[in-house]
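For what it's worth, my numbering labels the leading residue of the sequence shown as 1029, then goes sequentially. All remarks here apply to the structure that follows.
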Amino acid sequence: MKKFRISILIPIVLLIITMLYGYFIPKAKIPIEQSIFYQILQPYAELYKPYNISTVIFLFLKNTLVVFIAFFLSPILLISPIFVIILNGFMTGYIASILPIDIAIKALAPHGIFELSALVIASSSGFRFGYYTIMKLIKHKEYKIIEILKKEIKWIYISLILLLIAAIIESFITPFLIGL
């Protein structure tokens, strides 16, 4: 039970710290269109079509890939769940900092509650799966990896349900809230 609490606490703390860091880092005095984040995100933004089922599918598949990376690559030194949380926390904070506060809340909060919760759950599960796999390989502990995988995969299913809800909200409710 203690490992479970620690595995859930680590991604939550990392998410909060990186969101704050993304929000409070000094912003360059260049137009947003010239920022590196804009350059990276622009191709994805062009795929976003509000009120469209193809957007729901795209967002769900993109985030599902992120969850699978966080979980299935976790035995490689636990880097993937940490990276997923840090990147998403930083980007959420950064985006919130460049938008007017009312737009940031409307644009990020409704779907973000579900999406970030899904990423925390998947990362936590990835931490546990990765930890037990590493302990079995390095310290030759008697962990039944298949049993652990079966137990942890249930959390991935919960993450996927939350991601589907987030994708629907982001595609149909968020555009309405921000006036698109």
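Where is the CB? At the ideal position from N, CA and C, for every residue including glycine. Remember, it's a predicted structure, so these values are computed and weren't measured experimentally.
Report yes if the C-beta distance between residue i and residue j is below 7 Å; otherwise report no.
i	j	result
Ser1187	Val1095	yes
Gly1158	Leu1106	yes
Lys1179	Tyr1171	no
Pro1109	Phe1155	yes
His1139	Ile1197	yes
Tyr1076	Thr1083	yes
Leu1115	Ala1146	no
Phe1142	Ile1081	no
Thr1161	Ile1174	no
Ile1040	Val1148	yes
Thinking C-alpha only, which one of the options is nearest residue i?
i	options	result
Ile994	Ile1113, Thr1202, Val1041, Glu1061	The structure shown has nothing for residue 994, since the chain only spans 1029 to 1208.
Leu1205	Ile1189, Leu1105, Asp1130	Asp1130
Trp1235	Ala1150, Tyr1160, Glu1175	Examination of residue 1235 is not possible in this model, given that the chain is present from 1029 through 1208 alone.
Lys1055	Ser1125, Ile1038, Leu1144, Val1148	Ser1125
Ile1189	Ile1064, Tyr1066, Gln1070, Phe1088	Phe1088
May I have the straight-line CA-CA distance separating residue i from residue j, to the nearest angstrom?
i	j	result
Lys1031	Tyr1079	42 Å
Ala1195	Lys1167	41 Å
Ile1181	Phe1100	10 Å
Thr1046	Ile1036	16 Å
Leu1043	Ala1098	14 Å
Ile1068	Lys1090	15 Å
Ile1038	Val1112	12 Å
Ile1267	Glu1061	In the structure as shown, the chain starts at 1029 and stops at 1208, and residue 1267 therefore has no counterpart that could be examined.
Glu1074	Ser1199	13 Å
Leu1136	Tyr1185	23 Å
Leu1208	Tyr1066	20 Å
Ile1064	Leu1144	23 Å
Leu1127	Gly1117	16 Å
* **Inter-stretch contact (C-beta, 8 Å, three-pair minimum) for the segment 1045-1053 and the segment 1118-1125** => yes
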